[in-house]
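Here's the structure we're looking at; comments come further down.
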Amino acid sequence: MWTGVFPAVTTKFTADDRLDHAEMERCYSLQMEAGCDGIIVCGSLGEGPMLSPDEKIEVLKTAQKVAGKKPVLLTVNEPGTREAACIAKRAAREGADGLMVVPSPIYHTNPEETVAALRAVAEAGDLPVMLYSNRLAYRVDVTVDLMEELASDNRFVAIKESSDDIRRSTEIINRFGDRYDLFTGVDNLAFEALSVGAIGWVAGLVTA
């Protein structure tokens, strides 16, 4: 479904701490003009955990204005499943092309809880989902075994692999083939990940 470079864009603010939509439009347009294949908004780089639900939807709409027909994904990184499901529903109503879903960054869920939460968010939004696997930053490891549990749900279409271990990318490809669109989320492992079979890059440095 997805391939290429998807920048995890930053959220711009004015000096008085309001969303700076004009600056976001300018910067996001530069990404599109440079040939990026999609945009991911409100991730950790985009200060997602610090934004209110209303602000997240505003940022989503701003990205949609400049993305044209390229996909715009909203990051779901709420502390609780209820809040995550609510923002997923709102994103769907506003026409988001997909969700990048992070397990709770606050609560260290066990594997069973992690799968249940991810499924609940996917069901609430009913949009294509990119699973975000980043055990270093968020403590919860979306392991290959958990990915296998979720593989029966066709809403889970992609993985952003950020474990900082290229062997994980190889393991995903060996286990699933092309079941998931594999994106690397570690900028200085992009070459290695693409060389072993990843088809996309969620890039952070390109927003600098």
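So for the sequence shown, my numbering puts the first residue at -15; every next one is plus one. Built from N, CA and C at the ideal position, the CB exists for glycine as well. Every value quoted in this text rests on a predicted model; they were computed, and no experiment measured them.
Rounded to whole angstroms, the gap between the alpha carbons of residue 89 and residue 128 is 19 Å.
Looking at 48, 138, 47 and -10, the one whose alpha-carbon comes closest to that of residue 20 is -10. Residue 116 is bridged by DSSP to 144. By the Cβ neighbour-count rule, residue 34 is exposed, with fewer than 16 other Cβ atoms within 10 Å of its own. The region 20 to 81 contains, as complete beta strand (DSSP E) runs of 3+ residues, the segments 23 to 25 and 56 to 60 (chain order). Ranking 85, 137, 143 and 72 by CA distance to the CA of residue 108 puts 72 first. With a cutoff of 8 Å on beta-carbon distance, residue 112 and residue 70 are scored as not near each other. Note on residue 6: under 16 other CB atoms within 10 angstroms of its CB, so exposed under the neighbour-count rule. Scanning its chain for C-beta atoms nearer than 8 Å, with the 5 sequence neighbours on each side dropped, one finds around residue -13 the residues 21, 165, 183 and 184, in chain order. Note that the C-beta distance between residue 47 and residue 56 is below 8 Å. In the same chain as residue 78, and ignoring 5 residues on each side of it, the C-beta atoms closer than 7 Å to its own belong to 41, 44 and 45, in chain order.
Membership of residue 127 in any alpha helix (DSSP H) is not indicated, and neither H nor E is assigned to it by DSSP.
Contact between residue 171 and residue 188 holds: their C-beta atoms lie close to 6 Å from each other, under 8 Å. In the structure shown, residue -12 adopts extended strand secondary structure according to DSSP, grouped into three states. When DSSP reads this structure, residue 3 sits in a beta bridge with -3.
Secondary-structure assignment with DSSP links residue 189 through no beta bridge to anything. When secondary structure is reduced to three states using DSSP, residue 171 falls in the helix class.
Contact between residue 136 and residue 126 does not hold, since their C-beta atoms are separated by about 16 Å, which reaches or exceeds 8 Å. Straight-line measurement puts the Cα of residue 2 at about 13 Å from the Cα of residue 31. When rounded, the separation of the alpha-carbon atoms in residue -2 and residue 9 is 13 Å.
Look at residue 111 here: in three-state DSSP terms it is coil, with no helix or strand label.
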